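Enquirer:
Protein chains: 2
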Amino acid sequence: MDTLPLYRQLAIHYRQAIDAGTLAPGSRMPSLRALMDRHAVSLSTALQTCRHLERDGYLEARPRSGYFVRQPRRPACEPVSEPAVRLAEPARYVGIQERVTSIIAQGKQYPVQFNLAAASGACELYPAEALKQATIRALRNDPSVLTSSAPPMGSAALRSVLAERALPSRIVLGRDDIIITNGCIEALNLALRAVAQAGDVIAVESPTYYGLLQILEALGMKALEIPSSAQSGISVEALELAAQTYRDIKAVVVVPNFQNPLGAVMPDESKARLVAWCEANAIPLIEDDTYSLLGSTDTPLSAAKAWDRTGNVIHCASLHKTLAPGMRLGWISAGRWHERVAQLKHAQSRAQEVLLQLAVADFMGSSAYERYLRRLRLALRDQREQMIEAVATYFPEGTRLTPPQGGLILWVELPGRASSELLFERAMREGIAIAPGQMFSNSDRFDSCIRLSCGLPYTRELNTAMRTLGSLAAEC
Amino acid sequence: MDTLPLYRQLAIHYRQAIDAGTLAPGSRMPSLRALMDRHAVSLSTALQTCRHLERDGYLEARPRSGYFVRQPRRPACEPVSEPAVRLAEPARYVGIQERVTSIIAQGKQYPVQFNLAAASGACELYPAEALKQATIRALRNDPSVLTSSAPPMGSAALRSVLAERALPSRIVLGRDDIIITNGCIEALNLALRAVAQAGDVIAVESPTYYGLLQILEALGMKALEIPSSAQSGISVEALELAAQTYRDIKAVVVVPNFQNPLGAVMPDESKARLVAWCEANAIPLIEDDTYSLLGSTDTPLSAAKAWDRTGNVIHCASLHKTLAPGMRLGWISAGRWHERVAQLKHAQSRAQEVLLQLAVADFMGSSAYERYLRRLRLALRDQREQMIEAVATYFPEGTRLTPPQGGLILWVELPGRASSELLFERAMREGIAIAPGQMFSNSDRFDSCIRLSCGLPYTRELNTAMRTLGSLAAEC
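Line order of the protein sequences matches chains A and B.
Its first residue numbered 1, the first sequence is counted upward by one per residue in the numbering used here.
Its first residue numbered 477, the second sequence is counted upward by one per residue in the numbering used here.
Written out as structure tokens, the structure reads:
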């Protein structure tokens, strides 16, 4: 935060006050003079602060009266509607691989200038220099780190730090409850292999991350899609209802915090109910908790595992989104399936190499990590808000979007019968990559939706690209 | 090689001459004076050379006559007998996990001083400093290497080097035929998942690497064990015979060069015949070619894939044994299953992190790599020969061992009905870990065998441990 210009720091301060209701809509923003006195800043800085907040839709200037608090312009997009609870569709073998492959192949025909398809942050958001230094330190501390066998379950130092860092999510783990994996994807594979086999039915959110559908397809499992909303994630009622019809559900997989692609956070009571229901029905609950640190505020979100009393919840996560996309470091805490997962990890790929684990343990154990994380959160919050504003400004009337409180993506519902596939094709020709809705379900229910990344810094060029995308959306 | 003392270099030179038959058994070794003149060395160096060769069993000193060439003492161990070809046992679900877990658990009760159980080299054999420097260079060349997404199929630079380095094994690959994996274990998993599914029968060598049996068990596949010999590896005749009974073999998995645990190298005609038979019967052939660079000589060994004309051979390998046990870098060239394997890798664990791939590409592309490899081969050859000599000297009469021409391990058959399990337990109490024969098969056929690592430098302490092991073997 200390590297941001002063006016940005002040703007963030007041934005938080507005979000928290400390400054209510309609109330008067402190005058420029008051800002100068209160924060010991120049007139220019005070003015920039207010203009920045105005640009972001937090303030409006009233002639001769100064600045007043308004609601951010975001509500110009109506929130995505809460789906009616309905019985889930029949479970079936997922057929997503072909669909995703074909989309990716199409995408490769054009050079991408703006990658809004990936759920990842721009490289410059991540602490390259600190990680480089930590890696060099780790190499110098133990020159034989690359030539000795890697510890089977992962570096004890990293697992200790992860256990400690999990406490704010209300997860209490020992380091030996954690196994380091080749990313969260491997963790999810191990979790699914531990509790189910080919042919089994797995309940997932709908829409859900296409990577999960690809995993299920590769393992020969069936996906049962459970209605989920941008407001509160998976509908536990719908799951309970579906289970009356599909009595052979072998696991439930959810992303409880900043769900991909909806951006939803499950309310705590919903997490508690889901954990209790899974436990009561002896159905393992697998959670992918990769995004929970990317919220707008420092207030930590609870993992579903926080309510786990019997080891029925398998917690998976990774550092790709929060620390280093290139490091491929994930982990799994498999509760009562710990031994089984350890065996499967051993049989599937043995240990992960340890050098980068040591580097990450070093960095994550320092206060620099917390400062970095705060910067990342603020940068992402800015980018999200600017992207939301761009959708509100440039996309056709009737476009729906529920502003997420964190994460790297926006889920946008185009009006009417708009085809996201068509938009995808046309946008690709303009060098803009987006993720069309049909990647996130086996059904055609999301064909008018798109997922947009908020990972890129909101530059003038990106603004132009968003304007182009909005115009194209109006024609699809 | 240039870091070895002069007398060791000379000893290696003459050992090669003896092995090649240039100096025949019974012939006179050049006199000390001749050695001094020919190589411009001191008397002390010439003497040390001859004593070293004497100690290794290559020369014998005859009073007043000087040194004469003898056969190395290795034949004191009789070679492991070539098994009679017989119909393979019924395929069955492997049950190795429990057995191996129980062995490992037993092992953990005692502190290990001498780990002769692992098929890996001592840390100091590997080029820690060069890899460290290459890693630091890679970090400095591209500071964002850890914070950018990793390339899905692996670093193009590494894949190019691997393709080039595969040429001496007579494998012709483009870099895009290669996918980088989390070690050879992941490569084998992907290969098996690409061509078979749970319940399928897979033909494997017998004895075979227990890791392969663990993979099959974890994937729910059945292992059909095919007799294999220390002289020539898998018996293709036995495989052909077995296939008449078991018509549903879905794949064959072999380690054609320095097989684990036998140390066998399949003769080229045998490789050719196996490849042709698999092709004719539409059975995919999966080879694990991890050890082929660890031969006594620079002469490269051909991979089975060298005979592949139709993409029916899936080639898997890794750098754990030849370059860096801690790096977890393997790769797969899956022939006609390339696309399927790429999809499975994506679904199973996504890309490998790229930093260490860049470091390895840098090092493997340099001439320092070749010099290192030569040193490694010579060091391992020394260690193998000293271990062989120790078995010959200290183990009970009737012990059988076929000296392997490369690799990291010895397969030792104890005389009579000796129990390797008992030996394992007793050796563990002395701080000596060995791998008992029952780890390498679902049958009890190898209960009197042990696998010994040649990865450790042959110190005085190791010599004492081998003497202890030999005495224990006489009592089991």
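Where is the CB? At the ideal position from N, CA and C, for every residue including glycine.
Since the model is a prediction, treat every value here as computed from it, not as a measurement.
1. 7 Å is my cut-off, CB to CB: does Ser929 (chain B) come that close to chain A?
2. Quick check on Ile101 (chain A): does DSSP put it in helix, strand or coil?
3. Looking at the secondary structure, which residues open and close the beta strand (DSSP E) in which Cys454 (chain A) lies?
4. Where do the ends of the beta strand (DSSP E) carrying Tyr543 (chain B) lie?
5. Tell me whether Ser420 (chain A) is buried or exposed, calling it buried when 16 or more other Cβ atoms sit within 10 Å of its Cβ.
6. Return the Cβ separation of Leu688 (chain B) and Val677 (chain B) in integer angstroms, given the expectation that the two are a contact with Cβ distance under 8 Å.
7. Measuring only the C-alpha atoms, how far is Tyr58 (chain A) from Arg70 (chain A)?
8. CB-CB under 6 Å to Pro152 (chain A), same chain, minus the five flanking residues each way: which ones, in chain order?
9. I'd like to know whether the C-beta atoms of Gly659 (chain B) and Gly806 (chain B) end up nearer to each other than 7 Å.
10. Would you mind telling me which residues of chain B sit closer than 8 Å to Cys123 (chain A), beta carbon to beta carbon, in chain order?
11. Going by C-alpha distance, which of A:Ala61, A:Ser206, A:Ile104 and A:Pro300 is nearest Ser27 (chain A)?
12. Any beta-carbon of chain A closer than 7 Å to the one on Ser919 (chain B)?
13. Quick one: grab the DSSP three-state call for His52 (chain A).
14. Have a look at A:Ile215, A:Ala11 and A:Phe68 and flag the residue whose alpha-carbon is nearest the alpha-carbon of Gln48 (chain A).
15. Counting Cβ pairs, one atom from each stretch, are 3 or more of them under 8 Å apart for the region 447-462 of chain A and the region 384-402 of chain A?
16. What residues in the region 602-619 of chain B bring their beta carbon closer than 7 Å to a beta carbon of chain A?
17. Looking at the structure shown, is Asp495 (chain B) part of a helix, part of a strand, or coil, going by DSSP?
18. With DSSP as the reference, identify every bridge partner of Cys660 (chain B), one or two as the case may be.
19. So for Ala138 (chain A), helix, strand or coil by DSSP?
20. Per DSSP, Arg538 (chain B) forms a beta bridge with which residues?
21. List, in chain order, every chain B residue whose beta-carbon is nearer than 9 Å to that of Met327 (chain A).
22. Flag Gln690 (chain B) as yes if its beta-carbon sits less than 7 Å from any beta-carbon of chain A, otherwise no.
23. May I ask you to verify whether the region 758-776 of chain B touches the region 643-651 of chain B, counting CB pairs closer than 8 Å and requiring at least 3?
24. Starting from Trp331 (chain A), follow the beta strand (DSSP E) in both directions and report where the run begins and ends.
25. Rounded to whole angstroms, what's the CA-CA distance from Tyr481 (chain B) to Leu634 (chain B)? Just pull it up for me.
26. In the structure shown, what three-state DSSP assignment does Leu414 (chain A) receive?
27. In chain A, which residues lie with their C-beta within 7 Å of the C-beta of Gly659 (chain B)?
28. For a contact meaning CB atoms closer than 8 Å, what does Gln673 (chain B) contact in chain A?
29. Which class does His822 (chain B) belong to by DSSP, given the choice of helix, strand or coil?
30. Taking all protein chains shown into account, do 16 or more other C-beta atoms lie within 10 angstroms of the C-beta of Ile104 (chain A), making it buried, or fewer, making it exposed?
31. Alpha helix (DSSP H) containing Leu856 (chain B): first to last residue?
32. Quick one: is Glu713 (chain B) buried, meaning 16 or more other Cβ sit within 10 Å of its Cβ, or exposed?
33. Return the chain-ordered list of same chain residues with a C-beta closer than 7 Å to the C-beta of Leu622 (chain B), the five sequence neighbours on each side being excluded.
34. Flag Asn257 (chain A) as yes if its beta-carbon sits less than 7 Å from any beta-carbon of chain D, otherwise no.
35. Where does Arg28 (chain A) sit, in a helix, a strand or coil, going by DSSP?
36. Could you tell me the alpha carbon to alpha carbon distance between Arg837 (chain B) and Val729 (chain B), rounded to whole angstroms?
Expert: Looking at the coordinates:
1. no
2. One detail in the question is off: residue 101 (chain A) reads as Thr in this sequence, not Ile. Taken through DSSP and simplified to helix, strand or coil, Thr101 (chain A) comes out as helix.
3. Unbroken run through Cys454 (chain A): none, as it is neither H nor E.
4. Gly542 to Val545
5. buried
6. In fact, because the Cβ distance is near 14 Å, the residues do not count as touching under 8 Å.
7. 5 Å
8. Ala351
9. Taking 7 Å as the Cβ cut-off, Gly659 (chain B) and Gly806 (chain B) qualify as a contacting pair.
10. Ser620, Thr623 and Ser624
11. A:Ala61
12. no
13. helix
14. A:Ala11
15. Segments in contact, yes.
16. Tyr602, Ala604, Glu605, Leu607, Lys608, Thr611, Ile612, Leu615 and Pro619
17. helix
18. The partner list for Cys660 (chain B) (beta bridge, DSSP) is empty, contrary to what the question assumes.
19. helix
20. B:Gly542
21. Leu622, Thr623, Ala626, Glu829 and Leu831
22. yes
23. Because the criterion of three Cβ pairs below 8 Å is met, the region 758-776 of chain B and the region 643-651 of chain B touch.
24. Leu329 to Ser333
25. Checking the displayed sequence, the identity of residue 481 (chain B) turns out to be Pro instead of Tyr. Straight-line spacing of the CA atoms in Pro481 (chain B) and Leu634 (chain B) works out to 34 Å.
26. coil
27. Ser349 and Arg350
28. Ala198 and Gly220
29. helix
30. exposed
31. Ser843 to Tyr870
32. With fewer than 16 Cβ atoms within 10 Å of its Cβ, Glu713 (chain B) is classed as exposed.
33. Leu831
34. Any reference to chain D falls outside this structure, whose protein chains are A and B.
35. strand
36. According to the sequence displayed, residue 837 (chain B) carries Ala and not Arg. Here the C-alpha atom of Ala837 (chain B) lies approximately 28 Å from the C-alpha atom of Val729 (chain B).
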